[in-house]
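Engineer: Read in order, the letters of the sequence shown correspond to residues 2 to 205 in my numbering. No residue lacks a Cβ here, since even glycine has one placed at the ideal position from N, Cα and C. Below is the structure I would like to discuss, written out as structure tokens.
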Amino acid sequence: MKLNASLLCAAAAATLSFSVQAQTAKPDLAKGAALFGQVCVACHAADGNSTTPENPKLAGQHPEYLVKQLREFKSGKRSNAIMSGFAATLSDDDMRNIAAWLSGQVAKTGAATDKDLVRLGERIYRGGIADRQIAACAGCHSPNGAGIPAQYPALSGQHAGYTEAQLKAFRDGARVNNAQMTGVAAKMNDREIKAVADYIAGLR
């Protein structure tokens, strides 16, 4: 009995050790680049700097955020027919490898297009709207839009069209994978959303 117990303990320890090693294994950047080229490049461009306003720029994004989104596309927590289909084919290691490779790519800056809207967008981004309890975006995403790794995504230079669409999706209930963003967007009107999105596009 003692021998069996010892063997069980040894097996459990080995399993735990393997599990910890698997979780802490460094991402494989070469595999990430190859997978991105096979699965993602058509919509997000070769270096992750999509040129299509409907498709987000992913270059330089925090890897933890990217993995979270891919997992939620795969599970159905975040809804997008195209992304859900692609994510369904990826393992967790695949996701980590792609995310790590993307995080090392250089994000290209964008530009705001409407000077009047940009002023409003800057006020909301930096100071919020106190009388309507709309929090400043900078509080979570940082003043320069760099975000906070493992917590809040980088936003600077993102396509205005994509940011606007996501804010409206949070507001209208089409995107439900972040309660905090749903609460903020629910208080914003179309003009305010467009203004913030345009300001973020030129943020650096």
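Check whether the stretch 180 to 198 and the stretch 118 to 133 touch, using three or more Cβ-Cβ pairs below 8 Å as the test.
Structural biologist: As far as the Cβ criterion goes, the stretch 180 to 198 touches the stretch 118 to 133, which means the pair count is three or higher.
Engineer: Counting only the same chain and skipping the five closest in sequence on each side, list residues whose C-beta sits under 8 Å from that of P144.
Structural biologist: So the list reads R127, once near-sequence residues are dropped.
Engineer: If we ignore side chains and look at the alpha-carbon of each, how far apart do G49 and L118 end up?
Structural biologist: One C-alpha to the other measures close to 27 Å.
Engineer: Just how far apart, CA to CA, sit P150 and A187?
Structural biologist: For P150 and A187, the distance between alpha carbons rounds to 25 Å.
Engineer: For D95, which residues of its own chain have a beta-carbon under 7 Å away from its beta-carbon, when the five flanking residues on both sides are left out?
Structural biologist: L36, listed in sequence order.
Engineer: Give me the Cα-Cα distance between L4 and L91, rounded to the nearest whole angstrom.
Structural biologist: Interpretation of L4 is limited by its pLDDT of 40, a score under 50 that renders its predicted location unreliable; the figure taken from the coordinates is listed afterwards. Looking at the two C-alpha atoms, the distance is approximately 42 Å.
Engineer: Pick out the complete beta strand (DSSP E) segments inside the stretch 28 to 109, 3 residues or longer, and give them in chain order.
Structural biologist: Listed in chain order, there is nothing to give.
Engineer: Relative to the alpha-carbon of G33, which residue among D132, R97 and D115 has its alpha-carbon at the smallest distance?
Structural biologist: The option with the nearest alpha carbon to G33 is R97.
Engineer: A101 and L30 - do their beta-carbons sit closer together than 7 Å?
Structural biologist: Yes, Cβ-Cβ distance for L30 and A101 is below 7 Å.
Engineer: With DSSP as the reference, identify every bridge partner of Y200, one or two as the case may be.
Structural biologist: DSSP, once it has assigned bridges, lists no residue as partnering Y200.
Engineer: Pop quiz: G146 and L204 are said to be a contact at Cβ under 8 Å. What is the actual Cβ separation, rounded to whole angstroms?
Structural biologist: Confirmed, Cβ separation roughly 4 Å.
Engineer: In whole angstroms, what is the alpha-carbon distance linking H142 and K78?
Structural biologist: Going by the C-alpha atoms only, they are around 22 Å apart.
Engineer: Who pairs with Y153 in a beta bridge, going by DSSP?
Structural biologist: DSSP lists I149 as partners of Y153.
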